[in-house]
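In what follows, a structure is listed as structure tokens, so that the remarks can point back to it.
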Amino acid sequence: MLLDYDEHTMPSMMEPAFGVLAQKMWRGAVPGMNYATFMAGAEAVAAWPGREFLQ
């Protein structure tokens, strides 16, 4: 499975997560956003390696 990904595909797979990372790193906690809400948003972004281990 890991051989399916290379340095050219990884940036496009990680890009959808940049907004969430920026929010969490620079803004901090969002009132009303619990773990379940966060995971619902995480499921809406593109597929990423290791995602199947969170199920």
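Residue numbers (my numbering): 2 to 56. For every residue, glycine included, the Cβ atom is placed at its ideal position computed from N, Cα and C.
CB contact flag (residue i, residue j, <9 Å)
i, j, result
"V21", "G42", "yes"
Straight-line gap, residue i to residue j (C-alpha atoms, nearest Å)
i, j, result
"Y36", "Y6", "28 Å"
"V135", "H9", "Residue 135 is absent from the model: the chain starts at 2 and stops at 56."
"K25", "A18", "11 Å"
"G14", "L4", "Per the sequence shown, residue 14 should be read as Met rather than Gly. Going from the Cα of M14 to the Cα of L4 covers about 15 Å."
"M34", "P12", "27 Å"
The ligand SAM heavy atom lying under 8 Å from the CB of residue i
i, result
"A37", "As for the ligand SAM, it is missing from this structure, which has no ligand bound."
Nearest to residue i (by Cα), restricted to the options the options
i, options, result
"V46", "M11, E16, L4, P12", "E16"
Endpoints, alpha helix (DSSP H) assigned at residue i
i, result
"L22", "19 to 23"
"M40", "36 to 45"
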